[in-house]
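Asker: My structure is below; once you've seen it, I'll send some questions.
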Amino acid sequence: MNNFIVQLLFMKTSSFLILLFLLGSAISTSAQKTIHTYSPNKKIQLHIEQSVDGAITYSINYKEQAVILPSTFNFKLNKPNLLLNKFTITAIDSSRVNESWKPVWGELATIQNNYQELALTLTDKNNTGIVLKLIYRVFDGGAAFRYEFPTQQNLKHFIIGDELSQFNLAGNHKTFWIPGDFDTNEYRYTTTKLTEVDVAKAQQEEDAILTAIPLAVSRVQTPLMMKTDKGLYINIHEAALVNYPAMHLLIDKEKLSLTTQLVPDAVGNKAYLIAPAKTPWRTIIVSDQATEILASKMILNLNEPSAITNTSFIKPQKFVGVWWEMFNGKSAWDSTSGKHGATTANVKKYIDFASKNGIDAVLVEGWNRGWEDWSGQWKENVFDFITPYGDYDMNELSRYAKAKKVKIIMHHETSGSVTNYERYMDTAYRYMINHGMNSVKSGYVGKIIPRGEYHDGQWMVNHYNRVAEKMGAYKIMLDAHEPVRPTGLSRTYPNWMASEAARGNEFNGFSRGNLPEHETILPFTRIMGGPMDYTPGIFRMKLDRYDRNKKNKVHTTLTKQLALYVTLYSPIQMAADMPENYEAHMDAFQFIKDVAVDWDDTKILEAEPGDYITTARKAKGKQDWFIGSITDENARIATLSMNFLTAGKKYEATIYRDAINAHYDSNPEAYLIEKQTVDINTVLSIAVAPGGGFAIRLKQL
Ligand code: NOJ
Ligand code: CA
Numbered sequence: 005m006n007n008f009i010v011q012l013l014f015m016k017t018s019s020f021l022i023l024l025f026l027l028g029s030a031i032s033t034s035a036q037k038t039i040h041t042y043s044p045n046k047k048i049q050l051h052i053e054q055s056v057d058g059a060i061t062y063s064i065n066y067k068e069q070a071v072i073l074p075s076t077f078n079f080k081l082n083k084p085n086l087l088l089n090k091f092t093i094t095a096i097d098s099s100r101v102n103e104s105w106k107p108v109w110g111e112l113a114t115i116q117n118n119y120q121e122l123a124l125t126l127t128d129k130n131n132t133g134i135v136l137k138l139i140y141r142v143f144d145g146g147a148a149f150r151y152e153f154p155t156q157q158n159l160k161h162f163i164i165g166d167e168l169s170q171f172n173l174a175g176n177h178k179t180f181w182i183p184g185d186f187d188t189n190e191y192r193y194t195t196t197k198l199t200e201v202d203v204a205k206a207q208q209e210e211d212a213i214l215t216a217i218p219l220a221v222s223r224v225q226t227p228l229m230m231k232t233d234k235g236l237y238i239n240i241h242e243a244a245l246v247n248y249p250a251m252h253l254l255i256d257k258e259k260l261s262l263t264t265q266l267v268p269d270a271v272g273n274k275a276y277l278i279a280p281a282k283t284p285w286r287t288i289i290v291s292d293q294a295t296e297i298l299a300s301k302m303i304l305n306l307n308e309p310s311a312i313t314n315t316s317f318i319k320p321q322k323f324v325g326v327w328w329e330m331f332n333g334k335s336a337w338d339s340t341s342g343k344h345g346a347t348t349a350n351v352k353k354y355i356d357f358a359s360k361n362g363i364d365a366v367l368v369e370g371w372n373r374g375w376e377d378w379s380g381q382w383k384e385n386v387f388d389f390i391t392p393y394g395d396y397d398m399n400e401l402s403r404y405a406k407a408k409k410v411k412i413i414m415h416h417e418t419s420g421s422v423t424n425y426e427r428y429m430d431t432a433y434r435y436m437i438n439h440g441m442n443s444v445k446s447g448y449v450g451k452i453i454p455r456g457e458y459h460d461g462q463w464m465v466n467h468y469n470r471v472a473e474k475m476g477a478y479k480i481m482l483d484a485h486e487p488v489r490p491t492g493l494s495r496t497y498p499n500w501m502a503s504e505a506a507r508g509n510e511f512n513g514f515s516r517g518n519l520p521e522h523e524t525i526l527p528f529t530r531i532m533g534g535p536m537d538y539t540p541g542i543f544r545m546k547l548d549r550y551d552r553n554k555k556n557k558v559h560t561t562l563t564k565q566l567a568l569y570v571t572l573y574s575p576i577q578m579a580a581d582m583p584e585n586y587e588a589h590m591d592a593f594q595f596i597k598d599v600a601v602d603w604d605d606t607k608i609l610e611a612e613p614g615d616y617i618t619t620a621r622k623a624k625g626k627q628d629w630f631i632g633s634i635t636d637e638n639a640r641i642a643t644l645s646m647n648f649l650t651a652g653k654k655y656e657a658t659i660y661r662d663a664i665n666a667h668y669d670s671n672p673e674a675y676l677i678e679k680q681t682v683d684i685n686t687v688l689s690i691a692v693a694p695g696g697g698f699a700i701r702l703k704q705l
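Residues 5 to 705 in the numbering used here are what the sequence shown spells out, letter by letter.
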């Protein structure tokens with residue numbers, strides 16, 4: 005017992021028993037036991053109760069409002085075959101941590117980690133002697149818990165059949181959800197009451213190529229964002245997903261309850277563990293201010309510090325790529341198509357464009373053999389990651405890029421054949437280093453090999469983490485597409501710059517597209533776990549430049565695309581459109597050239613999930629600020645006070661905003677660029693078009 009800050013109260017027991025508990029002694033009493041603990045600012049209260057039969061429940065209140073009603077848990081082990089649900093509490097420990105740390109890159113220069121911890125040591129009441137620890141951390145902005153299986157006599161190698169952790173809710177909240185598909189998170193969000201979640205309908209309406217079998221149950225993914233009738237915002241997710249499957253949530257509409265459902269492996273088991281073992285943290289972030297949800301650093305704080313000591317190779321960056329032209333039908337990945345995009349000459353054009361405009365890197369997709377054979381999926385060995393197509397001169401391009409001070413970003417599409425990628429990893433990374441490359445965009449399109457494994461299962465979770473770790477050893481940065489959604493692991497592997505793991509801008513290029521509200525929901529859901537490679541910056545909204553029959557289009561205005569560089573946080577940002585489309589709007593492209601990708605400070609000025617977000621960020625090591633503001637399909641006026649600026653200083657504001665008649669559907673490329681001088685006392689009112697947004701660069705004078 006480290007201190008007595010935790011308030012332990014045994015409601016129906018004597019102070020003698022309290023003392024015994026505080027000393028960590030084993031206690032048996034027939035009475036119900038209750039333990040209360042509070043966040044440092046006391047706004048969040050955690051209550052733990054043990055019922056007479058030994059079940060443990062927790063509940064959470066925020067300023068006296070119920071967030072989680074008493075909720076219990078149990079573990080079903082498949083080996084040994086038993087149920088852990090009733091316990092004897094053999095020790096209670098508490099500790100208080102208040103520390104700060106500096107991320108290698110991020111939204112803030114310094115992050116405060118301030119929480120109260122409570123650890124219960126539990127022994128199975130069914131005489132197996134199995135010991136389990138239940139750790140709670142209560143922060144000012146939320147609470148988290150995890151289970152630990154310490155080293156012990158009676159349990160070494162074991163198999164988790166189920167972890168059923170409950171989140172009993174206090175109402176039928178408004179919920180922003182996507183189906184609990186074990187293989188993909190690339191869905192549109194649906195907003196309904198919890199009891200109106202209709203997963204099968206959302207899957208039927210989905211036009212993307214998905215791999216999963218339609219769901220018969222109401223299962224949704226995390227981060228799950230909810231809003232109560234009283235205006236409380238609640239976000240449920242997990243932190244530090246290591247050696248464990250991802251957690252999805254099953255909805256019980258009658259009880260208004262959520263229960264964890266772990267993603268199974270090919271034979272139906274959930275996790276293979278060796279004691280000592282820990283589960284990820286189950287996180288509940290809560291506030292009556294939506295802006296505070298977006299500002300939360302709880303998930304990062306629950307992850308381990310950097311496993312990489314020399315982080316000097318890790319650099320936030322902007323990049324262009326031989327990429328959107330494939331979505332536009334101008335070119336193709338496959339060299340036998342007759343319109344190969346990744347040719348030596350074409351890549352040189354991108355290198356020239358990047359070099360001229362101060363863009364750090366060029367992504368090249370379709371450079372390697374295999375694309376002619378990758379369709380159809382579930383094929384064993386499509387790519388070897390080291391053999392360029394004949395019209396792609398790797399040595400010449402390495403030389404050319406180096407001379408122009410531009411990096412080429414490697415592309416490793418595994419086509420889901422992960423065993424094949426595992427075989428090639430070392431060879432592939434050495435090949436990159438030998439050709440002057442230190443960043444990879446990876447991809448896991450299609451069903452996973454080994455067959456029967458899911459993208460979100462333990463085997464794949466271990467794969468993604470192994471890739472980040474191995475790339476760290478090779479001093480390589482990672483941007484993973486189609487992985488499990490992030491859980492703050494970029495703190496531990498700061499070379500893991502971003503992931504896709506949600507429906508990106510690319511869906512506008514080949515499907516019915518993203519709704520205008522999509523980008524106002526992502527920061528409250530997917531991005532709670534870590535940066536997203538959304539690929540913003542599309543300037544020509546219709547994709548019919550090279551194919552007049554192509555009907556797909558981007559569902560935003562042009563200046564909303566600029567705002568996304570600020571509102572969707574990531575230390576790597578693509579300028580995703582083709583150079584020819586940027587060349588038509590070089591005045592607006594100036595914002596992409598100027599915007600920072602690493603920050604000293606972040607202020608979420610206003611936010612409402614599904615409706616709007618306005619964010620201001622201060623560039624790392626500079627006095628300049630950047631603001632992004634976006635709205636959904638509804639026009640609005642954003643009113644922003646510049647009270648975050650340095651007193652006594654003047655700033656030149658360059659405002660990129662929607663023209664009066666702009667509209668994401670009918671007139672998306674109409675914008676205005678204005679300049680004005682502002683200071684700490686300025687309040688700006690800016691009109692935002694339906695599906696629109698604005699971006700501001702504030703340069704200190
Ligand atoms: C899906 C990725 O999200 C996309 O960016 C990539 O171009 C294709 N897969 C091909 O790897
Ligand atoms: Ca809305």
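In this text, a Cβ means the ideal position worked out from N, Cα and C, and glycines have one as well.
1. Do residue 53 and residue 69 come within 8 Å of each other at the CB atom, strictly closer than that value?
2. So, are the CB atoms of residue 352 and residue 404 less than 8 Å apart?
3. Could you check where the beta strand (DSSP E) with residue 123 kicks off and where it finishes?
4. Which residues in the same chain as residue 79 place their Cβ atom closer than 6 Å to its Cβ, once the five residues preceding and following it in sequence are excluded?
5. Under the three-state reduction of DSSP, which class applies to residue 607: helix, strand or coil?
6. Mapping the DSSP letters down to three states, classify residue 168 as helix, strand or coil.
7. Tell me, which residues are paired with residue 704 by DSSP?
8. Considering only the alpha carbon of each residue, which of 178, 399, 407, 470 lies closest to residue 430?
9. Threshold first: 3 residues or longer. Then list the beta strand (DSSP E) segments lying entirely within the stretch 361-391, N to C.
10. Is residue 485 near ligand 1, going by C-beta to nearest heavy atom under 7 Å?
11. Do the CB positions of residue 263 and residue 241 come within less than 8 Å of each other?
12. Among the candidates 413, 440, 454, 407, whose CA atom is the shortest distance from the CA of residue 427?
13. Between the Cα of residue 290 and those of 300, 641, 394, 687, spot the shortest distance and give me the residue it belongs to.
14. To the nearest angstrom, how far is it from the Cα of residue 694 to the Cα of residue 637?
15. Would DSSP call residue 92 helix, strand or coil?
16. Tell me the rounded alpha-carbon separation between residue 417 and residue 502.
17. When you compare each of 485, 510, 512, 508 to residue 500 by their alpha carbons, which one comes out closest?
18. Under 7 Å from any heavy atom of ligand 2, does the C-beta of residue 521 make it?
19. Under 8 Å, Cβ to Cβ, is there at least one residue of chain C near residue 477?
20. Hey, which unbroken runs of the beta strand (DSSP E) at 3 residues or more fall wholly within the stretch 607-683?
21. Would you check whether ligand 1 has a heavy atom nearer than 7 Å to the C-beta of residue 508?
22. With DSSP as the reference, label residue 140 as helix, strand or coil.
23. Contact defined as beta carbons within less than 8 Å: I believe residue 41 pairs with residue 173. What is the distance between those atoms, to the nearest angstrom?
24. Could you check what DSSP says for residue 109 in three-state terms: helix, strand or coil?
25. Quick one: does the C-beta of residue 636 sit closer than 7 Å to a heavy atom of ligand 2?
26. Going by CA-CA distance only, name the one from 410, 529, 652 that's closest to residue 614.
27. Taking only heavy atoms of ligand 1 into account, decide whether any of them is closer than 7 Å to the Cβ of residue 327.
28. Expressed to the nearest angstrom, what Euclidean distance is found between the alpha-carbon atoms of residue 689 and residue 259?
29. Measure from the alpha carbon of residue 322 to the alpha carbon of each residue in 339, 358, 646, then state which is nearest.
30. Short check: CB of residue 432 to CB of residue 390, under 8 Å?
31. Measure the CB-CB distance between residue 666 and residue 657 and report whether it falls below 8 Å.
32. So, helix, strand or coil for residue 459, using DSSP?
33. Please tell me whether, using a cut-off of 7 Å, the distance from the CB of residue 235 to the nearest non-hydrogen atom of ligand 3 is below it.
34. Would you mind stating whether residue 459 and residue 187 have Cβ atoms separated by less than 8 Å?
35. Leaving out the 5 sequence neighbours to the left and right, which residues in its chain are closer than 6 Å to residue 599 when beta-carbon positions are compared?
36. Within the stretch 531-576, note down every full alpha helix (DSSP H) run reaching 4 residues or more, in order along the chain.
Answerer: Reading off the structure:
1. Within the sequence shown, numbered from 1, the residue matching residue 69 stands at position 65. Within the sequence shown, numbered from 1, the residue matching residue 53 stands at position 49. Their beta carbons are not under 8 Å apart, which means residue 69 does not touch residue 53 by this criterion.
2. Counting from one through the sequence shown, the residue named residue 352 turns up at place 348. Counting from one through the sequence shown, the residue named residue 404 turns up at place 400. Taking the C-beta atoms as reference points, residue 404 is found nearer than 8 Å to residue 352.
3. Counted from its first residue, the sequence shown places residue 123 at position 119. It spans 115-128 - the beta strand (DSSP E) in which residue 123 sits, taken as one unbroken run.
4. Position 75 of the sequence shown, counting from 1, holds the residue named residue 79. 88, 167, listed in sequence order.
5. Along the sequence shown, read from residue 1 onward, the residue named residue 607 stands at position 603. In the structure shown, residue 607 sits in a strand (DSSP, three-state: E or B).
6. Here residue 168 refers to the residue found at position 164 when the sequence shown is read from its first residue. Residue 168: strand per DSSP, three-state reduction.
7. Counting from one through the sequence shown, the residue named residue 704 turns up at place 700. Beta-bridge pairing links residue 704 to 655.
8. Walking along the sequence shown from the start, residue 430 turns up at place 426. Ranked by Cα distance from residue 430, the first of 178, 399, 407, 470 is 470.
9. 365-368
10. Within the sequence shown, numbered from 1, the residue matching residue 485 stands at position 481. Distances taken from the Cβ of residue 485 to the heavy atoms of ligand 1 include one shorter than 7 Å.
11. As a position in the sequence shown, residue 263 is number 259, starting the count at 1. As a position in the sequence shown, residue 241 is number 237, starting the count at 1. In this structure, residue 241 does not lie closer than 8 Å to residue 263 by Cβ.
12. Your numbering for residue 427 matches position 423 in the sequence shown. Checking every option, the nearest Cα to that of residue 427 belongs to 454.
13. Here residue 290 refers to the residue found at position 286 of the sequence shown. For the residues 300, 641, 394, 687, the minimum Cα distance to residue 290 belongs to 300.
14. In the sequence shown, residue 694 corresponds to position 690, counting from 1. In the sequence shown, residue 637 corresponds to position 633, counting from 1. Roughly 5 Å between the two C-alpha positions.
15. The residue given as residue 92 occupies position 88 in the sequence shown. Looking at residue 92 - three-state DSSP - the assignment turns out to be strand.
16. On the sequence shown, residue 417 is found 413 positions in, with the first residue counted as 1. On the sequence shown, residue 502 is found 498 positions in, with the first residue counted as 1. For residue 417 and residue 502, the distance between alpha carbons rounds to 16 Å.
17. Against the sequence shown, residue 500 aligns to sequence position 496. Checked all of 485, 510, 512, 508; the closest Cα to residue 500 is 485.
18. Here residue 521 refers to the residue found at position 517 when the sequence shown is read from its first residue. Shortest gap from the CB of residue 521 to any heavy atom of ligand 2: under 7 Å.
19. The structure shown has no chain C; it contains just one protein chain.
20. 616-623, 629-635, 640-645, 655-662, 675-682
21. Along the sequence shown, one-based indexing puts residue 508 at 504. The beta carbon of residue 508 sits closer than 7 Å to at least one heavy atom of ligand 1.
22. Residue mapping note: residue 140 aligns to position 136 of the sequence shown, counting from 1. For residue 140, the three-state secondary structure derived from DSSP is strand.
23. Locating residue 41 in the sequence shown gives position 37, where the first residue counts as 1. Locating residue 173 in the sequence shown gives position 169, where the first residue counts as 1. Contact doesn't hold; Cβ gap of about 21 Å is too wide.
24. For the purposes of this step, residue 109 is taken as residue 105 along the sequence shown, with counting starting at 1. It is coil, neither helix nor strand.
25. Within the sequence shown, numbered from 1, the residue matching residue 636 stands at position 632. Yes - ligand 2 has a heavy atom lying nearer than 7 Å to the Cβ of residue 636.
26. For the purposes of this step, residue 614 is taken as residue 610 along the sequence shown, with counting starting at 1. Closest by alpha carbon: 529.
27. By 1-based counting over the sequence shown, the position of residue 327 is 323. Indeed, a heavy atom of ligand 1 lies less than 7 Å from the Cβ.
28. Mapped onto the sequence shown, residue 689 falls at position 685. Mapped onto the sequence shown, residue 259 falls at position 255. Near 45 Å, if we compare the C-alpha coordinates of residue 259 and residue 689.
29. As a position in the sequence shown, residue 322 is number 318, starting the count at 1. Of the listed residues, the one whose Cα sits closest to residue 322 is 358.
30. Reading the sequence shown from its first residue, position 428 is the one you call residue 432. Reading the sequence shown from its first residue, position 386 is the one you call residue 390. Result yes, Cβ atoms of residue 432 and residue 390 sit closer than 8 Å.
31. By 1-based counting over the sequence shown, the position of residue 666 is 662. By 1-based counting over the sequence shown, the position of residue 657 is 653. No, they are not a contact pair.
32. To locate residue 459, count along the sequence shown from 1; it is residue 455. DSSP places residue 459 in coil when its eight states are reduced to three.
33. Because ligand 3 does not appear in the structure shown, any question about it cannot be addressed here, the ligands present being ligand 1 and ligand 2.
34. As a position in the sequence shown, residue 459 is number 455, starting the count at 1. As a position in the sequence shown, residue 187 is number 183, starting the count at 1. Cβ atoms of residue 459 and residue 187: closer than 8 Å.
35. By one-based count along the sequence shown, residue 599 stands at place 595. Correct list, in chain order: 569, 630.
36. 562-571
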